[in-house]
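Data block below; observations after.
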Amino acid sequence: MLGLQKYCEADDRDGPRMAAGIIRTLLPVLDRTGVATPDEVDIETLEDRIARDCVDHDVIFKFPTLVGAWARVA
Numbered sequence: 001m002l003g004l005q006k007y008c009e010a011d012d013r014d015g016p017r018m019a020a021g022i023i024r025t026l027l028p029v030l031d032r033t034g035v036a037t038p039d040e041v042d043i044e045t046l047e048d049r050i051a052r053d054c055v056d057h058d059v060i061f062k063f064p065t066l067v068g069a070w071a072r073v074a
């Protein structure tokens, strides 16, 4: 079994880019369910805002753990 997880330092844009991409994908559901409107999210500036907050608060951004396993069938 193998587990991989990436950690991003505060100035690494990979974390904010991934988070904004996920929110972009979920935006229609967020709007439809009343969680947030497109105007509230302001998707065009979201990545930059997340990145700025990461630097301002010295955040370590953690990607989800990816786990894989393999076996031999006898």
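Residue numbers for the sequence shown, in UniProt numbering: 1 to 74.
For glycine and all other residues, C-beta sits at the position ideal for the given N, C-alpha and C.
By the C-beta density criterion, I60 is exposed, having fewer than 16 other C-beta atoms within 10 angstroms.
For E44, the number of other beta carbons within 10 angstroms of its own is below 16, and it is reported as exposed. For G34, no alpha helix (DSSP H) encloses it, and the DSSP letter there is neither H nor E. Shown here, V59 sits in coil according to DSSP, grouped into three states, outside any helix or strand. Counting only the Cα atoms, R72 lies some 44 Å from A51.
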